[in-house]
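Each residue of the sequence shown is one higher than the one before, starting from 59 at the first, in my numbering.
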Amino acid sequence: MQGLRAGLAVVERRPDDVVRVAFARGVRHELGDLLRWASSRRVACEEMSDGALDRFAESQHHEGLCVAARPRRWASASELADVLARARGTAVALDRVRNPYNVGAILRSAAFFGVDAALLGAPAPHPGLAPTAVRVAEGGAEHLLLGRTTDLADTLARLRARGARVVGADGHARTPALGFDFGRPAVLVLGNEREGLGERVRAQCDAVVAIAGGGAVESLNVAVAAGVLVAEMTRARRA
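The structure is reproduced here in structure tokens:
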């Protein structure tokens, strides 16, 4: 895991998965609790030069902290349905959204607004969360139950069968997103930026909504749209 907030979140939320910590001198003053924890648990923790940390992270965008941890277990469709039903909760589902910057920003917004889960869908096995996505999420990924599927339409059908309302996003839809009653439990589905929602995925949506704009450009970036839609989906709960 790369990134200061992302790394700290891993230590806080999944301490038993952490196997090694590497950091730069410049962030030592922010890592007091982490360093004491690592010492008490005998977790390898090493201060590195900037160049050594770049090589360790295979990136220059680590923000001074890298945490090596065991991979997260992905939740099944049944587990996602259980969480949504029990909490009358909310989830975001990504239909072929792979850009790690967009994925990370969406997860950050979802965690900020109190969404319970995220579901990553792709025709082939989704690669999971790239280090860049985890860093951009600023720790948000650790606050969400995560699932992935090779057949998003089928997984959405299973969630609907368990009582979830599935709402898709499409800039050309006639139903306005602002003021829309998403219901509970609810799953917001966001599609690939160029192709939108796949036909089979759209067929599983109980409703499709759009964010109205001024018309100067055709659409919002998917991560920006996700922030607006997630805020609207969770508005009633937050109120």
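Cβ coordinates follow ideal geometry from the N, Cα and C atoms, glycine included.
Query	Result
Limits of the alpha helix (DSSP H) - the one that residue 291 falls within	280-291
As assigned by DSSP and simplified to three states, the class of residue 253	coil
Beta-bridge pairing of residue 118 - partner residues as DSSP gives them	Per DSSP, none; premise fails for residue 118.
Rounded Cβ spacing between residue 152 and residue 175 (contact assumed at less than 8 Å)	Contact flag wrong, Cβ pair sits at about 12 Å.
Buried/exposed call for residue 154, threshold 16 Cβ in 10 Å	buried
Endpoints, the alpha helix (DSSP H) within which residue 90 is located	90-99
Beta-carbon proximity check, residue 211 vs residue 146, cutoff 8 Å	no
Sequence-distant residues of its chain with Cβ nearer than 7 Å to residue 292 (five each side left out)	148, 171, 172, 173
Complete runs of the alpha helix (DSSP H) confined to the segment 181-228 [at least 4 residues]	189-194, 210-219
Residue(s) in a DSSP beta bridge with residue 78	102, 126
Sufficient close CB pairs (3 or more, under 8 Å) joining the segment 248-264 to the segment 210-230	yes
Range covered by the beta strand (DSSP E) that runs through residue 177	175-179
Rounded separation between residue 208 and residue 179 - CA only	6 Å
For residue 140, the first and last residue of its enclosing beta strand (DSSP E)	No beta strand (DSSP E) contains residue 140, which is instead part of the alpha helix (DSSP H) from 135-145.
Cutoff 8 Å; reference residue 268; Cβ partners in own chain excluding five residues on either side	227, 228, 229, 230, 231, 232, 233, 234, 235
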